[in-house]
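Asks: Protein sequences appear in the order of chains A and B.
If you're matching positions, the first sequence starts at 1 in the working numbering and goes up one per residue.
If you're matching positions, the second sequence starts at 115 in the working numbering and goes up one per residue.
For every residue, glycine included, the Cβ atom is placed at its ideal position computed from N, Cα and C.
Protein chains: 2
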Amino acid sequence: MDMLFKALNDPARREILDLLRQKDGQSLSQLEAHFDMTRFGVMKHLKLLEDAGLVLTRKHGRFKYHYLNPLPLQEMLDRWVAPFLQPQASAVNALKLKLETETRMGKPDFMMQT
Amino acid sequence: MDMLFKALNDPARREILDLLRQKDGQSLSQLEAHFDMTRFGVMKHLKLLEDAGLVLTRKHGRFKYHYLNPLPLQEMLDRWVAPFLQPQASAVNALKLKLETETRMGKPDFMMQT
DNA sequence: TTTTTATGTTACCATATTGTCACGTGACTG
DNA sequence: CAGTCACGTGACAATATGGTAACATAAAAA
């Protein structure tokens with residue numbers, strides 16, 4: 001999830017997502033044409049997008065095609081958007097979150113007999 | 115929008131959002147207690163969250179209380195999530211559909227015993 | 001084969017970000 | 001008033017990030 005937010009935290013990378021939304025499966029050179037950046041800069045951004053799982057690639061001959069993968073965005077929506085927009089609808093999630101937090105911070109009081 | 119992604123791109127800041135979701139309107143000292151960081155570190159994170167509009171503050175005497183503001187998340191959903199998940203549906207409908215689906219699927223796992 | 005095209009790798013630099021330290025401000029309490 | 005208490009500001013070192021340059025690989029075309 002950390003990689004996802006990092007990937008989204010850059011205008012160039014978000015523009016790449018928009019470009020792929022307009023036309024999925026573009027190659028590096030095609031994407032590069034839309035930027036002032038050098039090809040290597042674009043490649044780095046694509047690598048980050050790949051690491052975040054937002055972009056999947058498929059090599060075919062000399063070309064490497066890039067495809068959008070919406071799944072990470074769906075997960076972000078579930079975890080970091082919807083629960084904050086509809087608090088009453090996610091009361092269950094609040095409890096879940098509470099339990100997760102307690103686990104991260106150590107066992108709760110009633111388990112502390114050792 | 116750039117500030118929003120920057121604000122979200124840090125585990126500490128996302129944890130602050132979770133803390134405020136559990137209990138809105140906490141002061142700096144209250145939030146600080148949950149971190150290993152120093153108070154100043156937490157303050158910096160809060161400033162970024164404020165700049166992104168995710169957290170609104172209200173001073174009352176010596177205390178400064180912090181409140182969640184879901185509006186930026188709504189905007190992010192409209193611009194950077196929904197269009198990628200359901201290209202032909204409106205953003206609001208996307209969230210509605212999602213919540214309805216969750217409801218149909220019943221209670222989550224951790225409530226299933228007994 | 002030679003050349004061109006598309007992509008990949010290593011190294012490097014300028015800048016931004018993270019978190020801390022020291023010190024300052026403003027408000028309640030005794 | 002004097003003393004805490006909660007919060008704020010400025011400077012600083014360590015690290016991460018964004019972008020470039022030079023060089024390398026690999027597939028198609030001539």
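Note down, one range per segment and in chain order, each alpha helix (DSSP H) of at least 4 residues found wholly within the stretch 1-38 of chain A.
Replies: Runs found: 2-8, 11-22, 28-32.
Asks: Which first and last residues belong to the beta strand (DSSP E) in which residue 194 of chain A is found?
Replies: As shown, chain A starts at 1 and ends at 114. That puts residue 194 of chain A outside it, with no answer to give.
Asks: List the residues of chain B whose Cβ lies closer than 7 Å to the Cβ of residue 6 of chain A, in chain order.
Replies: Simply 123.
Asks: Thinking residue 163 of chain B and residue 130 of chain B are a contact (beta carbons under 8 Å), I'd like their distance in whole angstroms, please.
Replies: Right, the Cβ-Cβ distance comes to about 6 Å (below 8 Å), so this counts as a contact.
Asks: What does a CB cutoff of less than 6 Å around residue 25 of chain A pick up in its chain, not counting 5 residues either side in sequence?
Replies: 65, 67.
Asks: Confirm, please, whether the CB-CB distance from residue 8 of chain A to residue 198 of chain B is below 7 Å.
Replies: Contact: no.
Asks: Beta carbons nearer than 8 Å to chain B: which residues of the stretch 15-43 of chain A have them?
Replies: Answer set for the stretch 15-43 of chain A: 17, 21.
Asks: So with Cβ pairs under 7 Å, would you call residue 195 of chain B a contact of chain A?
Replies: Chain A contact via Cβ: present.
Asks: Here's the rule I'm using: 16 or more other beta-carbon atoms within 10 Å means buried, otherwise exposed. How should residue 234 of chain B be labelled?
Replies: Because chain B in this structure spans residues 115 to 228, residue 234 of chain B falls outside the shown range and cannot be described.
Asks: Mind checking if residue 84 of chain A is an interface residue toward chain B, Cβ cutoff 7 Å exclusive?
Replies: Interface residue, yes.
Asks: Give a yes or no on whether the minimum CB-CB distance between residue 72 of chain A and chain B is below 7 Å.
Replies: Closer than 7 Å: no.
Asks: Which word fits residue 5 of chain A, buried or exposed, when buried means at least 16 other C-beta atoms lie within 10 angstroms of its C-beta?
Replies: Counting Cβ neighbours within 10 Å, residue 5 of chain A comes out buried, since at least 16 surround it.
Asks: What does the alpha-carbon distance come out to for the pair residue 196 of chain B and residue 153 of chain B?
Replies: Their Cα atoms are separated by approximately 37 Å.
Asks: Less than 6 Å between C-beta atoms, sequence neighbours within five positions excluded: which residues of the same chain meet that for residue 10 of chain A?
Replies: Counting only Cβ-Cβ distances below 6 Å, and skipping sequence neighbours, we find nothing.
Asks: Assuming contact is defined by CB atoms lying nearer than 7 Å, are residue 145 of chain B and residue 133 of chain B in contact in what I supplied?
Replies: Going by C-beta atoms, residue 145 of chain B is nearer than 7 Å to residue 133 of chain B.
Asks: Starting from the C-beta of residue 14 of chain A, find all residues in its chain whose C-beta is less than 8 Å away, skip the five residues before and the five after it, and write them out in chain order.
Replies: If we look at residue 14 of chain A and ignore the five residues flanking it on each side, its Cβ neighbours are 8.
Asks: How many Å lie between residue 191 of chain B and residue 44 of chain A at the Cα?
Replies: Those two C-alpha atoms are separated by around 26 Å.
Asks: Strictly below 7 Å CB to CB, what residues from chain B border residue 56 of chain A?
Replies: None at all; the shortest Cβ gap to chain B is about 13 Å.
Asks: Taking 7 Å as the CB-CB limit, is residue 162 of chain B close to chain A?
Replies: No, no contact with chain A.
Asks: Check whether the Cβ atoms of residue 3 of chain A and residue 36 of chain A sit closer than 7 Å, and answer yes or no.
Replies: Not closer than 7 Å, so no.
Asks: Measure the CB-CB distance between residue 183 of chain B and residue 168 of chain B and report whether it falls below 7 Å.
Replies: A contact, by the Cβ cut-off of 7 Å.
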